[in-house]
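A quick write-up on the structure given underneath.
Number of protein chains: 2
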Amino acid sequence: MRVTQEQMRENRHRILSEASRLFREKGFDAVGIAEVMKAAGLTHGGFYGHFASKEELMAHAIAQATTEVSGRCDDPQTLVAKYLSPAHRDNVADGCPMAALAADVRHRPPATRSAMSVGIRSQIDGLARALPDDVTADRRREAIGTYAAMLGALILARAVDEPTLSDEILSETRAWMATAP
Amino acid sequence: MRVTQEQMRENRHRILSEASRLFREKGFDAVGIAEVMKAAGLTHGGFYGHFASKEELMAHAIAQATTEVSGRCDDPQTLVAKYLSPAHRDNVADGCPMAALAADVRHRPPATRSAMSVGIRSQIDGLARALPDDVTADRRREAIGTYAAMLGALILARAVDEPTLSDEILSETRAWMATAP
DNA sequence: AGTTTAATATGATCGCGGTCATATTTGTGT
DNA sequence: ACACAAATATGACCGCGATCATATTAAACT
């Protein structure tokens, strides 16, 4: 059945939101169109009225997740603390889209990779802008190193089976980053 | 046709080797049993004579890749340089299995996750053992932080589309790690 | 109000990949 | 040598998921 233009925009937005969450949670391959549409309260058939393909959805979902996450601004200190917290580790669906999907985009078509690339660049730029200018001579270097360490630690903490080791990776990386810069 | 027991051991080993390379290169989902067996010079049917399931193959492939990579010993200095080199970034199939697959094991059954967990723990332990004891009070902390930063930077460098940014992530992370500890 | 058209629902198609049944060939032990 | 068993080859089955064709319903416009 037909719906309002307003309704359609809302539907599209809900599709993107749910896709963004599901992709982060389960990975691109494990999530089907039907699952995304059902999560958005629709049926699978209508999907192609909104997007040309699953691949297009992946690209847009990455972009949406990135802007969504970029909105949550903090000073670098607390940003690192939140990023490397058990809460963030355990909440993949609402967490950093790069930690959840960056390793995967290697296997995706150019549009998806490009969306991720844009997101990563903007995250680095944002972090560099947020850093105080007295920490080190090169704020961009500091931003890249900090971001890499955070992302790597989160991925490792999520990959590991043993809770003790997982917690240790988070806390020790946080401590290590506090001493170094 | 039947083959020598020796031949069978070789076949199993080749299946594992090719699986390990292919999984790293393309990811678990994108590689099928048939492709692995063909790469090993066999046909898909014989697979279940060697492994009970694809999942079992994934777990063993991770273990094999980990021991294989652990054999390449260097002092920490050159290890970091090699790890964060464009050569390593561009050679995923023979590179660090954690950088290639750690983010993926979140979606795999326990046996696969466990194999990855064991690998990560051994990598951290090995790195801690290799570190000189005068760098800092806590070698384990140093090892965890260093490993997280390396892994994160490599994943980001591989995810990014723009070669300039990718190179920058590698070199700046290397420089950042040299200043910090 | 009536006609048109757009958004979604229903159902079908098609290919792919994991798994298994059966056949075939050849090493292994007597 | 012979019988047996094991490793692999061939081919089929099965379910799943992306995509598309058609139907249906209600908004949009005159």
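Residue numbers (our numbering), protein chains in the order written: chain G, 738 to 918; chain P, 738 to 918. Ideal Cβ placement from N, Cα and C applies to all residues, glycine included. These numbers come from a predicted model, not from an experiment.
Proximal chain G residues relative to residue i, where beta-carbon distance stays under 7 Å
i, result
"Val842/P", "Ala896"
"Glu899/P", "Ser854"
"Gly893/P", "Here the sequence assigns Leu to residue 893/P, which means Gly is not the residue at that position. What Leu893/P touches in chain G: Ala839, Ile857, Ala885 and Leu888."
"Glu792/P", "Going along chain G, no residue has its Cβ under 7 Å from Glu792/P, so there is no contact; the nearest lies around 14 Å."
"Ile799/P", "Correct list: empty, because the minimum Cβ distance to chain G is about 11 Å."
"Arg878/P", "Glu909, Ala912 and Trp913"
Beta-carbon neighbours of residue i, restricted to chain P and to distances below 8 Å
i, result
"Lys763/G", "His844"
"Ser851/G", "Asp898"
Cα-Cα separation between residue i and residue j, rounded to whole angstroms
i, j, result
"Gln744/G", "Ala880/G", "41 Å"
"Cys810/G", "Cys833/G", "13 Å"
"Asp870/P", "Glu899/G", "27 Å"
"Val855/G", "Thr901/P", "13 Å"
"Ser807/G", "Leu888/G", "15 Å"
"Thr916/G", "Tyr820/G", "17 Å"
"His787/G", "Arg749/G", "7 Å"
"His886/G", "Leu816/P", "A quick correction: the sequence has Ala, not His, at residue 886/G. Going by the C-alpha atoms only, they are around 17 Å apart."
"Arg858/P", "Pro847/G", "34 Å"
"Arg746/P", "Asp766/G", "33 Å"
"Ser771/P", "Arg845/G", "Correcting the residue type first, residue 771/P is Ala in the shown sequence and not Ser. The straight-line gap from Cα to Cα measures roughly 21 Å."
"Tyr785/P", "Lys763/P", "22 Å"
"Gly826/G", "Gln742/G", "It should be pointed out that residue 826/G corresponds to Arg in this sequence rather than to Gly. If I take the Cα positions, the gap works out to 38 Å."
"Gly783/G", "Ser822/G", "39 Å"
"His781/P", "Leu794/P", "13 Å"
"Leu893/G", "Ile892/P", "12 Å"
"Met914/P", "Ser908/G", "18 Å"
"Ala818/P", "Val897/P", "20 Å"
"Asn828/G", "Asn828/P", "32 Å"
Anticipated Cβ contact below 8 Å, residue i with residue j, distance rounded
i, j, result
"Val740/P", "Leu759/P", "Actually they are not in contact, since the Cβ atoms of Val740/P and Leu759/P sit about 23 Å apart, beyond 8 Å."
"Thr910/G", "Gly882/P", "5 Å"
"Gln801/G", "Leu753/G", "5 Å"
"Ala776/P", "Asp812/P", "Actually they do not touch by this definition, with Cβ atoms about 34 Å apart."
"Ile861/G", "Tyr884/G", "6 Å"
"Arg876/P", "Ala890/P", "Not a contact, Cβ separation roughly 21 Å."
"Arg878/P", "Ala912/G", "6 Å"
Nearest candidate by alpha-carbon position, reference residue i, set the options
i, options, result
"Ala824/P", "Ser903/P, Ala839/P, Ser757/P and Gly769/P", "Ser903/P"
"Met738/G", "His750/G, Leu779/G and Leu794/G", "Leu779/G"
"Leu838/G", "Thr883/P, Ala912/P, His750/P and Arg895/P", "Arg895/P"
"Ala951/P", "Ser908/P, Met914/P, Gly783/P and Ala796/P", "Outside the displayed span of chain P (738 to 918) sits residue 951/P, for which this structure offers no information."
"Arg761/P", "Glu747/P, Asp841/P and Val817/P", "Asp841/P"
"Ala852/G", "Arg877/G, Phe784/G and Ile799/G", "Ile799/G"
"Thr849/G", "Gln860/G, Ser790/G and His781/G", "Ser790/G"
"Met835/G", "Ala818/G, His787/G and Thr804/G", "Thr804/G"
"Arg843/G", "Pro846/P, Ala830/P and Arg843/P", "Ala830/P"
"Val768/P", "Gly783/P, Glu792/P and Glu747/P", "Glu792/P"
Contact list for residue i against chain P, beta-carbon separation under 9 Å
i, result
"Leu902/G", "Ser854, Ile857, Arg858 and Ile861"
Closer than 7 Å at the beta carbon, the chain P residues around residue i
i, result
"Arg751/G", "Chain P residues near Arg751/G: none, gap ~24 Å exceeds 7 Å."
"Ala767/G", "His844"
Where residue i meets chain G, residues with beta-carbon distance less than 8 Å
i, result
"Met914/P", "Gly882"
"Asp831/P", "Neighbours of Asp831/P on chain G: none; closest Cβ ~15 Å, over 8 Å."
Contact list for residue i against chain G, beta-carbon separation under 9 Å
i, result
"Ile919/P", "Outside the shown range of chain P (738 to 918) lies residue 919/P, about which nothing can therefore be said."
task: Just list the alpha helix (DSSP H) runs in the segment 759 to 813 of chain G, keeping only unbroken ones of 4 residues or longer that don't cross its boundaries, in chain order.
output: Every alpha helix (DSSP H) stretch that sits fully inside the segment 759 to 813 of chain G and reaches 4 residues is listed by chain position as 770 to 776 and 791 to 807.
message: If we require 4 or more residues per run, which alpha helix (DSSP H) segments fall completely within the segment 818 to 880 of chain G?
response: If one requires a minimum length of 4 residues, the alpha helix (DSSP H) runs lying completely within the segment 818 to 880 of chain G are 823 to 827, 834 to 838 and 847 to 867, in chain order.
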